[in-house]
Amino acid sequence: MEKKKRYKAEQLRHEQKQKKQLEELRISAETTLKELEQLQNEKRKMLMEHETSKLKQLEDQHAIELQEWKTSLKPRKQSLEEEFVSQREEQESLLKERMSSDYSPPCIPETELFPLSCP
(Lines of atoms letter the chains of each structure in order from A; the text may use other names.)
(Lines give C-alpha, C1' and ligand atoms only; values in the text may rest on other atoms or scores of the structure.)
Protein backbone atom coordinates (compact mmCIF):
# COMPACT_ATOMS: atom_id res chain seq x y z
CA MET A 1 0.00 0.00 0.00
CA GLU A 2 2.78 2.38 0.93
CA LYS A 3 4.48 1.53 -2.35
CA LYS A 4 1.32 2.42 -4.28
CA LYS A 5 1.08 5.80 -2.52
CA ARG A 6 4.70 6.58 -3.28
CA TYR A 7 4.19 5.48 -6.87
CA LYS A 8 1.08 7.68 -7.18
CA ALA A 9 2.89 10.64 -5.59
CA GLU A 10 5.86 10.17 -7.89
CA GLN A 11 3.56 9.90 -10.91
CA LEU A 12 1.70 13.06 -9.86
CA ARG A 13 4.97 14.93 -9.32
CA HIS A 14 6.20 13.76 -12.72
CA GLU A 15 2.95 14.88 -14.42
CA GLN A 16 3.15 18.29 -12.74
CA LYS A 17 6.76 18.62 -13.83
CA GLN A 18 5.75 17.78 -17.42
CA LYS A 19 2.83 20.23 -17.32
CA LYS A 20 5.18 22.94 -16.04
CA GLN A 21 7.71 22.17 -18.79
CA LEU A 22 4.95 22.15 -21.41
CA GLU A 23 3.65 25.52 -20.17
CA GLU A 24 7.19 26.96 -20.21
CA LEU A 25 7.66 25.71 -23.79
CA ARG A 26 4.31 27.18 -24.83
CA ILE A 27 5.23 30.56 -23.31
CA SER A 28 8.66 30.41 -24.94
CA ALA A 29 7.09 29.59 -28.32
CA GLU A 30 4.61 32.48 -27.99
CA THR A 31 7.40 34.86 -27.04
CA THR A 32 9.52 33.72 -29.99
CA LEU A 33 6.54 34.05 -32.33
CA LYS A 34 5.86 37.60 -31.12
CA GLU A 35 9.53 38.52 -31.58
CA LEU A 36 9.52 37.08 -35.11
CA GLU A 37 6.31 38.95 -35.96
CA GLN A 38 7.83 42.17 -34.64
CA LEU A 39 11.00 41.60 -36.69
CA GLN A 40 8.90 40.88 -39.77
CA ASN A 41 6.89 44.06 -39.24
CA GLU A 42 10.07 46.12 -38.82
CA LYS A 43 11.57 44.62 -41.99
CA ARG A 44 8.33 45.23 -43.89
CA LYS A 45 8.35 48.85 -42.71
CA MET A 46 12.00 49.28 -43.75
CA LEU A 47 11.25 47.74 -47.16
CA MET A 48 8.25 50.04 -47.66
CA GLU A 49 10.36 53.08 -46.71
CA HIS A 50 13.08 51.99 -49.12
CA GLU A 51 10.57 51.42 -51.93
CA THR A 52 8.90 54.77 -51.25
CA SER A 53 12.29 56.49 -51.31
CA LYS A 54 13.24 54.74 -54.56
CA LEU A 55 9.92 55.71 -56.18
CA LYS A 56 10.36 59.34 -55.13
CA GLN A 57 13.89 59.33 -56.55
CA LEU A 58 12.63 57.90 -59.86
CA GLU A 59 9.75 60.40 -59.99
CA ASP A 60 12.16 63.28 -59.37
CA GLN A 61 14.49 61.98 -62.08
CA HIS A 62 11.56 61.63 -64.48
CA ALA A 63 10.39 65.17 -63.70
CA ILE A 64 13.88 66.52 -64.45
CA GLU A 65 14.09 64.59 -67.73
CA LEU A 66 10.60 65.77 -68.72
CA GLN A 67 11.53 69.38 -67.98
CA GLU A 68 14.73 69.03 -70.03
CA TRP A 69 12.76 67.52 -72.90
CA LYS A 70 10.18 70.33 -72.77
CA THR A 71 12.95 72.92 -72.66
CA SER A 72 14.63 71.46 -75.74
CA LEU A 73 11.35 71.06 -77.63
CA LYS A 74 11.11 74.62 -79.01
CA PRO A 75 14.74 74.79 -80.22
CA ARG A 76 14.43 71.37 -81.85
CA LYS A 77 11.17 72.38 -83.55
CA GLN A 78 12.73 75.61 -84.77
CA SER A 79 15.77 73.73 -86.07
CA LEU A 80 13.56 71.27 -87.95
CA GLU A 81 11.47 74.08 -89.41
CA GLU A 82 14.62 75.85 -90.59
CA GLU A 83 15.88 72.63 -92.14
CA PHE A 84 12.55 72.09 -93.92
CA VAL A 85 12.52 75.67 -95.22
CA SER A 86 16.06 75.21 -96.50
CA GLN A 87 15.15 71.95 -98.22
CA ARG A 88 12.02 73.53 -99.74
CA GLU A 89 14.03 76.48 -101.05
CA GLU A 90 16.59 74.09 -102.52
CA GLN A 91 13.85 72.08 -104.23
CA GLU A 92 12.21 75.26 -105.56
CA SER A 93 15.54 76.46 -106.85
CA LEU A 94 16.17 73.19 -108.65
CA LEU A 95 12.68 73.25 -110.11
CA LYS A 96 13.07 76.85 -111.36
CA GLU A 97 16.43 75.96 -112.84
CA ARG A 98 14.95 73.07 -114.75
CA MET A 99 11.97 75.11 -115.88
CA SER A 100 14.08 78.01 -117.15
CA SER A 101 16.73 75.96 -118.96
CA ASP A 102 16.31 74.14 -122.21
CA TYR A 103 14.64 71.38 -120.44
CA SER A 104 12.24 69.28 -122.43
CA PRO A 105 9.99 66.77 -120.84
CA PRO A 106 10.46 63.13 -121.71
CA CYS A 107 8.94 62.03 -124.98
CA ILE A 108 5.75 60.03 -124.77
CA PRO A 109 5.24 57.60 -127.64
CA GLU A 110 2.27 58.31 -129.85
CA THR A 111 -0.84 56.25 -129.14
CA GLU A 112 -4.49 56.51 -129.98
CA LEU A 113 -5.16 58.07 -126.63
CA PHE A 114 -2.21 60.45 -126.85
CA PRO A 115 -1.66 61.61 -130.41
CA LEU A 116 1.50 63.50 -129.54
CA SER A 117 4.70 63.68 -131.38
CA CYS A 118 8.13 64.06 -129.92
CA PRO A 119 9.95 67.31 -130.67
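34 is the number that the UniProt record's numbering gives to position 34 of the sequence shown; each next residue is one higher, with no gaps.
For every residue, glycine included, the Cβ atom is placed at its ideal position computed from N, Cα and C.
For residue i, the three-state DSSP class (helix, strand or coil)
i: residue 99; result: helix
i: residue 48; result: helix
Residue i to residue j span [Cα, whole Å]
i: residue 22; j: residue 3; result: 28 Å
i: residue 46; j: residue 73; result: 40 Å
i: residue 90; j: residue 70; result: 31 Å
i: residue 68; j: residue 77; result: 14 Å
Neighbourhood of residue i by C-beta distance below 8 Å, restricted to the same chain and skipping five residues each side
i: residue 15; result: none
Contact set for residue i: own chain, Cβ-Cβ below 6 Å, skip 5 residues either direction
i: residue 59; result: none
Contact with chain B by residue i, beta-carbon distance below 8 Å
i: residue 89; result: Note that chain B does not occur in the displayed structure, where there is just one protein chain.
Counting only runs of 4+ residues fully inside the region 10-98, write out the alpha helix (DSSP H) ranges in chain order.
none
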